[in-house]
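**Q**
Number of protein chains: 2
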Amino acid sequence: MFATYFAIMTYTKATAFGEEQQELAKMAKVLSHPARIAILQHLARTQRCISGDIAQEIPLSRTTVSQHLQELKSAGLIKGEIDGLTVCYCIDKEQFTKAAAMMATFLQQVASSYDCDCQPNPIPA
Amino acid sequence: MFATYFAIMTYTKATAFGEEQQELAKMAKVLSHPARIAILQHLARTQRCISGDIAQEIPLSRTTVSQHLQELKSAGLIKGEIDGLTVCYCIDKEQFTKAAAMMATFLQQVASSYDCDCQPNPIPA
DNA sequence: AAAGTATGTCGCAAACATACGTCATACTTA
DNA sequence: TAAGTATGACGTATGTTTGCGACATACTTT
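First to last, the sequence lines map onto chains A and B.
Taking the numbering used here, the leading residue of the first sequence gets 13, the next gets one more, and so forth.
Taking the numbering used here, the leading residue of the second sequence gets 13, the next gets one more, and so forth.
In structure tokens form, the structure reads like this:
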């Protein structure tokens, strides 16, 4: 107990990243591969929910595309329904919108930060 | 020459990812680690351009934080000015805003896509 | 000049991501 | 029921990222 406290206090700095920081990083990670961007764009553009034809649109093997789809799915950004032989994927609009809003808010906050002129630390607190 | 053509044509699908897809993925990758999110938030929040004090705010060693700073810098999202002993980092507002806008547009486009009900491929083109 | 401080760079180990061939599953159609 | 097709899961090779200690650099202060 004391030991635990001590261990924590020894670390002057933050002990872990915040919930939101981890959420944002996770969202960003999902988007951090061109194949997954391409898949999302394709799903957004197409009128119908294309299944494995997606692999036709992307310069990767079917296996690899399937993996990327799994990743997008387990992140909750898309959903897939089995319909007989084929699987119909589409954007999970609700979840995607939520995650996108969080990301957009973060970007907005950082972008609208005060424009620094890189002066040396003014008040060495 | 013919061989090259043949090699290209053999690939029915796209040969490479688009410029924009790669740009977006790159931006996302930079944001795909909680430490880098935390650093950006910290820089945005702080009135003055903190240098190595950043390491105090983050649950990682100074070395590792320095690396993350380098990554943000080489992605152009932040800039750092040496001022004697310390280095003053801050958001590169122009570049960050540009990248953020690109990302926000992409998210918006996907989020505002048509809401699919996952019917089986209607017209098997 | 010597000691001190803020930083960055190097090199390594461990963890993770990517790509893809092959195999397993489950449905369709003949 | 057998052949065919669309998929996902498994295994594995190869590459990339992360984290950090130890060292190098460059400036400041005494």
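We treat Cβ as the ideally placed atom computed from N, Cα and C, and that holds for glycine.
1. What are the boundary residues of the alpha helix (DSSP H) that E32 of chain A is part of?
2. Can you confirm whether S44 of chain B, when its beta carbon is compared against all beta carbons of chain A, has any partner nearer than 7 Å?
3. Tell me which same chain residues have a C-beta within less than 6 Å of the C-beta of S63 of chain B, skipping the five on either side of it?
4. Could you check whether the Cβ of I49 of chain A sits closer than 7 Å to any Cβ belonging to chain B?
5. Quick one: measure Cβ to Cβ for V122 of chain A and Q53 of chain B, integer angstroms, because I've assumed they're closer than 8 Å.
6. Taking the C-alpha atoms as reference points, what is the distance between E106 of chain B and T58 of chain B?
7. Give the C-beta separation of L55 of chain A and I94 of chain A to the nearest angstrom, bearing in mind that I take them to be a contact with Cβ-Cβ under 8 Å.
8. Pop quiz: A67 of chain B and R60 of chain B are said to be a contact at Cβ under 8 Å. What is the actual Cβ separation, rounded to whole angstroms?
9. Could you name the residues of chain B that T109 of chain A contacts, counting a contact when the two beta carbons are closer than 8 Å?
10. Based on Cα-Cα distance, which residue from B:K110, B:I103, B:T109 and B:A116 lies nearest to T109 of chain A?
11. Tell me which residue opens and which closes the beta strand (DSSP E) that E93 of chain A is part of.
12. Beta-carbon separation of A37 of chain B and S124 of chain A under 7 Å?
13. Please state whether DSSP places I103 of chain A in a helix, a strand or coil.
14. Pick from A:M39, A:G30 and A:A113: whose alpha carbon is nearest that of A9 of chain A?
15. State the start and end residues of the unbroken alpha helix (DSSP H) segment that holds T11 of chain B.
16. Please identify the residue among A:R48, A:D65 and A:Q34 whose C-alpha is closest to the C-alpha of Q34 of chain B.
17. Find the residues of chain A that neighbour A26 of chain B, judging by a C-beta separation of less than 7 Å, and give them in chain order.
18. In the DSSP assignment, what residue or residues form a beta bridge with T98 of chain A?
19. Between I103 of chain A and chain B, is any beta-carbon pair separated by less than 7 Å?
20. Could you check the C-alpha separation between I70 of chain B and L81 of chain B for me, to the nearest Å?
21. Buried or exposed: which applies to D127 of chain B, given that a residue is buried once 16 or more other Cβ atoms fall within 10 Å of its Cβ?
22. Tell me the DSSP secondary structure of H45 of chain B in three-state form.
**A** Answer, in terms of the structure:
1. E31 to V42
2. Answer yes: the Cβ-Cβ gap between S44 of chain B and chain A drops below 7 Å somewhere.
3. T98, V99 and C100
4. yes
5. Indeed, because the Cβ distance is near 7 Å, the residues count as touching under 8 Å.
6. Straight through space, the alpha carbons of T58 of chain B and E106 of chain B are spaced by roughly 18 Å.
7. Not quite, the Cβ-Cβ distance comes to about 17 Å (not below 8 Å), so this is no contact.
8. Between R60 of chain B and A67 of chain B the Cβ distance is about 16 Å, and since that is not below 8 Å, they are no contact.
9. What T109 of chain A touches in chain B: A123.
10. B:A116
11. I90 to D95
12. no
13. strand
14. Lying outside 13 to 137, the shown extent of chain A, residue 9 of chain A is not represented and no answer is given.
15. The structure shown does not extend to residue 11 of chain B, since chain B is modelled only from 13 to 137, so the question has no answer here.
16. A:R48
17. E69, I70 and P71
18. A:D95
19. yes
20. 12 Å
21. exposed
22. coil
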